[in-house]
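Residue numbers (our numbering), protein chains in the order written: chain R, 17 to 312; chain P, 3 to 295; chain E, 124 to 239.
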Amino acid sequence: MHEVVVLSGKGGTGKTSLTAAFAHLAQNKVICDLDVDAPDLHLIAAPSHVRSERFLSGHLAEIDPRVCTRCGVCEEVCAFGAIDRADGTFTVDPGHCEGCKACVVLCPAQAIRFPERDCGVWHQSESRFGPMVHAQLDPGQENSGKLVTLLKAEARREASRRGLDLILSDGAPGVGCPVISSLSQATLAVLVTEPTPSGRHDLERVAELCRHFRIPAAVVLNKADLDEGQATAIETLCRTMDMPLLGRLPHDPEVVWAMVKGQAITENPDSAFGSEVRRIWSWITDLLFNLPARTS
Amino acid sequence: MIVAVASGKGGTGKTTVTASLASTWGRPVAAVDLDVEEPNLHLFLKPEALREENAFLEVPTLPEPARCTACGACVDLCQFKALSLFGQRLAIFPELCHGCEGCFRVCPTGALVPGQRELGELSCGRTSEGLPWLSGRLRIGEAMSPPLMNQVRARMKALVAEEGVDVLVDAPPGVSCPALAAVQDADVILLVTEPTPFGLHDLKLAREAFKPLGRPMGVVINRAGLGDHGVHDFCRESGLPVVAEIPFSRAVAVHYAQGGVVAQMDEAMRERFTRLGESVRTLAGSRKEAAHA
Amino acid sequence: MGPAPVTRIAISSEGPALGDPVDPRFGRAAGFVVVDLPSGAWSYVDNGGSQALAQGAGIQAAEILARNDVQVLLTGHVGPKAAAALQAAGIRAVEGVEGISVAEALARYQQEAGRA
């Protein structure tokens with residue numbers, strides 16, 4: 017089984033639009049939205065939920081006011097500033113609580129409970145492009161790396177149950193926890209960038225991350241005609257980091273018109289942009305053919 | 003006054019808006035990059051870095067294994083698997099530590115001693131116009147951004163106390179923990195979006211995430227004219243003021259691609275961002291009035 | 124006197140049977156076949172809990188092996204954190220074992236151990 021994850025470092029380079037097009041083109045796959053913080057793929061894939069489950073992860077400290085002796089030890093030991101004191105009453109600010117358990121263990125009155133934290137919901141769905149696994153983290157929650165791991169495990173389960181051999185994932189922006197989790201076990205990372213100072217800078221960082229975790233990467237240069245100098249610099253970067261440059265796509269409002277219609281860009285058979293995306297996807301399938309598949 | 007420039011969706015123009023506001027603010031202002039995973043503000047403000055230093059998180063080490071009695075108190079405490087006991091032997095995995103310091107407190111023999119994990123870099127400097135600039139840059143491979151962000155925030159507060167400047171914060175995209183940490187200190191939150199279905203969906207998430215903070219929020223619509231009416235309709239219905247619109251044009255995209263600050267593109271853009279600055283200050287004023295009421 | 128003879132080994136496995144393929148992953152292996160060499164008795168230990176961890180899967184897997192008194196591990200690849208955990212647990216890892224069944228891996232190990 018192959019796992020392709022589409023990343024960008026910088027947001028807004030066209031990652032989700034491109035993933036949607038790949039989802040439209042690819043055969044025998046499960047699609048997966050790993051941007052659990054601000055997921056958008058469902059706006060194009062139009063999934064209907066088959067199964068939805070709450071995502072519980074980590075714990076949250078909760079002070080029982082009936083047991084609390086107001087000694088203030090919790091406030092003193094909390095390294096995250098999560099203990100609020102108002103009129104001598106201590107409460108935990110869930111937005112700041114890291115779930116580290118220090119206050120729970122050190123409270124002399126044992127007044128602090130430690131329930132599991134409800135962080136969001138995940139869905140197993142049927143979409144226009146086939147089976148889909150996706151989620152929505154509740155606003156302000158953390159631990160999205162764990163949710164990413166869960167989604168990937170569910171996608172694998174779904175793929176092996178149905179005998180599908182590809183998992184196509186839309187990743188999150190950045191290089192932190194959720195992105196690191198989305199790279200784990202990936203066959204290939206497709207990095208979408210644009211010829212701007214931020215696009216290039218962030219591509220460099222996410223490419224470095226792929227190298228750090230020994231995941232092969234390939235690049236798509238979107239909005240390629242915005243600046244020739246930056247585009248050339250990105251080509252050079254791809255060469256020095258040994259990443260194939262799969263294609264150059266123009267800066268084209270057509271991408272947005274497709275999105276407004278709820279369509280992948282490749283669903284319009286007359287689109288020149290779409291045919292270039294088709295060519296890129298066929299190159300990716302060639303690459304996959306030569307990359308070792310994950311067993312199981 | 004601290005202004006956070008945030009967005010649910012990435013790539014809507016947070017950095018463009020932050021850099022442009024900084025260059026037209028009209029009174030002393032600092033630019034702070036809290037998007038430590040992908041810091042970009044410096045690419046446009048081009049500041050001279052005066053100081054760069056490494057930032058660290060305090061993590062446990064066991065310099066004298068003989069002092070560890072293998073009681074397991076630290077292992078039971080740690081929620082992040084940074085400590086593990088194999089038979090009588092304690093193993094420490096500093097990359098998993100969240101820095102709660104609880105293990106030091108529960109260790110009965112004082113065998114655990116604070117050590118360091120490198121989080122990334124902290125930089126501060128000034129732009130050619132003399133505006134202070136602060137930034138964090140997460141080390142590649144480091145999973146946790148909030149600890150580094152908190153160190154940048156501490157510097158930011160010190161800067162405000164010392165120089166009495168306003169602050170423009172470039173926040174990370176999204177609505178989870180890092181995004182929330184970035185808007186924590188703000189008096190006003192600007193939500194930058196684009197008039198597309200993705201932009202609208204993520205704007206709704208951002209509003210939901212930031213609303214409990216009770217700060218005034220305003221929307222900046224970037225690439226206006228592209229896409230559909232969804233964002234305008236939502237702002238009207240939910241009472242979110244649209245404080246600026248930046249028209250969609252290839253010229254703007256090209257100017258940005260060349261590393262330019264959009265407000266410096268022409269007189270009309272400059273005027274647009276000067277007015278946005280005024281609207282932001284009015285919004286901040288509404289918070290103070292609400293607080294006094 | 125040399126080191127204590129190896130009596131218990133574990134093989135990362137994609138399934139609960141000796142005929143199942145070796146899982147080349149250690150931390151995120153489906154499970155482990157644990158073999159008691161003197162008696163030839165074997166059992167399967169599920170590693171599903173570690174698979175679901177965002178981080179630290181290798182550490183948890185090492186803990187599982189330590190609890191099962193394993194001395195030697197046969198697997199495909201061990202990451203840096205997992206290697207540190209295995210070392211702390213005193214478990215020797217033999218890497219590069221993949222593309223064969225658990226039974227084959229076991230037979231090869233015994234052959235080589237017999238020759239040594």
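All C-beta atoms in this analysis are idealised placements derived from N, C-alpha and C, irrespective of residue type, glycine included.
DSSP bridge partner residues for residue i (one or two, in chain order)
i, result
"His150 (chain R)", "R:His139"
"Glu69 (chain R)", "R:Trp138"
"Ser166 (chain E)", "E:Val157"
"His18 (chain R)", "R:Leu182"
"Thr209 (chain R)", "R:Leu237"
"Lys45 (chain R)", "R:Leu182"
"Thr195 (chain P)", "P:Ile223"
"Cys126 (chain P)", "P:Arg53, P:Leu136"
"Ser135 (chain E)", "E:Phe155"
"Thr63 (chain P)", "P:Val115"
"Ala216 (chain E)", "E:Leu196"
Three-state secondary structure (DSSP) of residue i
i, result
"Ile281 (chain R)", "helix"
"Asp103 (chain R)", "coil"
"Ala54 (chain R)", "coil"
"Ser242 (chain R)", "Here residue 242 (chain R) turns out to be Leu, not Ser, going by the sequence shown. In the structure shown, Leu242 (chain R) sits in a helix (DSSP, three-state: H, G or I)."
"Phe88 (chain P)", "strand"
"Cys237 (chain P)", "helix"
"Ser312 (chain R)", "Residue placement at Ser312 (chain R) is flagged as unreliable, the pLDDT there being 43, under the threshold of 50; a coordinate-derived value is accordingly withheld."
"Ala295 (chain P)", "In this predicted model, Ala295 (chain P) has a pLDDT of only 44, less than 50, meaning its place in the structure is not dependable; the value taken from the coordinates is given anyway. If DSSP states are grouped into helix, strand and coil, Ala295 (chain P) belongs with coil."
"Ser147 (chain P)", "coil"
"Arg264 (chain R)", "strand"
"Ser24 (chain R)", "coil"
Under 8 Å from the C-beta of residue i: neighbouring residues of chain R
i, result
"Lys11 (chain P)", "Gly27, Gly28, Ala54, Asp56"
Classification of residue i by the beta-carbon crowding that lies within 10 angstroms, buried from 16 upward
i, result
"Ala295 (chain P)", "Because Ala295 (chain P) carries a pLDDT of 44, less than 50, the predicted location of this residue cannot be relied on, and no value is offered for it."
"Cys87 (chain R)", "exposed"
"Thr85 (chain R)", "exposed"
"Ser291 (chain R)", "exposed"
"Thr105 (chain R)", "exposed"
"Arg101 (chain R)", "exposed"
"Ser25 (chain P)", "buried"
"His231 (chain P)", "exposed"
"Thr256 (chain R)", "exposed"
"Pro19 (chain R)", "Checking the sequence, you will find Glu at residue 19 (chain R) rather than Pro. With 16 or more other Cβ atoms within 10 Å, it is buried."
"Asp192 (chain E)", "exposed"
"Glu114 (chain R)", "buried"
"Asn44 (chain R)", "exposed"
"Lys277 (chain R)", "exposed"
Partner residues on chain E for residue i, Cβ-Cβ distance less than 9 Å
i, result
"Gly179 (chain R)", "None at all; the shortest Cβ gap to chain E is about 16 Å."
"Leu98 (chain P)", "Gln178, Gly179, Ile182, Lys204"
Amino acids of chain P, ordered along the chain, whose beta-carbon sits closer than 8 Å to that of residue i
i, result
"Leu122 (chain R)", "Gly104, Arg107, Val108"
"Asp134 (chain R)", "By Cβ distance, chain P contributes nothing, its closest Cβ being about 14 Å from Asp134 (chain R), past 8 Å."
"Glu186 (chain E)", "Ser86, Phe88"
Listed by chain order, chain P residues near residue i by CB distance under 7 Å
i, result
"Met259 (chain R)", "Near Met259 (chain R) there are no residues of chain P at all, since even the closest Cβ is about 16 Å away, more than 7 Å."
"Gly115 (chain R)", "Gln81"
"His217 (chain R)", "Asn42, Leu45"
Per-residue contacts from residue i into chain R (C-beta, under 9 Å)
i, result
"Pro49 (chain P)", "Those within 9 Å of Pro49 (chain P) in chain R number zero; the least Cβ separation is about 14 Å."
"Gly143 (chain P)", "Val191, Ile196, Glu224, Leu225, His228, Phe229"
"Thr198 (chain P)", "Val272, Met275, Val276"
Beta-carbon neighbours of residue i, restricted to chain E and to distances below 8 Å
i, result
"Gly89 (chain P)", "Ala189, Ala212, Gly213"
"Phe95 (chain P)", "Gly179, Ile182, Lys204, Ala207, Ala208"
"Ala113 (chain P)", "The premise fails here: Ala113 (chain P) is roughly 15 Å from chain E at the closest Cβ pair, so nothing lies under 8 Å."
"Gln16 (chain R)", "Outside the displayed span of chain R (17 to 312) sits residue 16 (chain R), for which this structure offers no information."
Closer than 7 Å at the beta carbon, the chain R residues around residue i
i, result
"His234 (chain P)", "Neighbours of His234 (chain P) on chain R: none; closest Cβ ~14 Å, over 7 Å."
Contacts that residue i makes with chain E (C-beta to C-beta distance below 7 Å)
i, result
"Lys206 (chain P)", "Within chain E, no residue comes near Lys206 (chain P); the closest Cβ sits about 27 Å away, beyond 7 Å."
Q: Inspect the CB distances between the stretch 197–206 of chain P and the stretch 218–226 of chain P and report whether three or more fall short of 8 Å.
A: yes
Q: Count the CB pairs spanning the stretch 127–141 of chain E and the stretch 186–203 of chain E that are closer than 8 Å, and state whether there are at least three.
A: yes
Q.
Quick test of the definition: if touching needs 3 or more C-beta pairs under 8 Å, does the stretch 138–155 of chain P touch the stretch 220–238 of chain R?
A. yes
(Q) Tell me whether the stretch 294–306 of chain R and the stretch 60–80 of chain R touch, counting them as touching only if at least three CB pairs, one residue from each stretch, are closer than 8 Å. (A) no
Q | Cβ pair count under 8 Å reaching 3, the stretch 46–58 of chain P against the stretch 93–100 of chain P | A | no
Q: May I ask you to verify whether the stretch 236–249 of chain R touches the stretch 157–164 of chain P, counting CB pairs closer than 8 Å and requiring at least 3?
A: no
Q. Taking contact to mean at least 3 C-beta pairs separated by less than 8 Å, is the stretch 209–217 of chain P in contact with the stretch 179–196 of chain R?
A. no
(Q) Taking 8 Å as the cut-off, does the stretch 271–286 of chain P touch the stretch 32–43 of chain P (at least 3 CB pairs, one atom from each stretch)? (A) no
(Q) When you compare the stretch 69–78 of chain P with the stretch 182–192 of chain E, are there three or more beta-carbon pairs, one atom per stretch, that lie closer than 8 Å? (A) no
(Q) For the structure I just gave you, are there three or more beta carbon pairs, one from the stretch 129–139 of chain P and one from the stretch 103–119 of chain P, closer than 8 Å? (A) no
(Q) With three or more C-beta pairs closer than 8 Å as the rule, is the stretch 67–76 of chain R touching the stretch 122–131 of chain R? (A) yes
Q.
Taking 8 Å as the cut-off, does the stretch 43–57 of chain R touch the stretch 145–165 of chain R (at least 3 CB pairs, one atom from each stretch)?
A. yes
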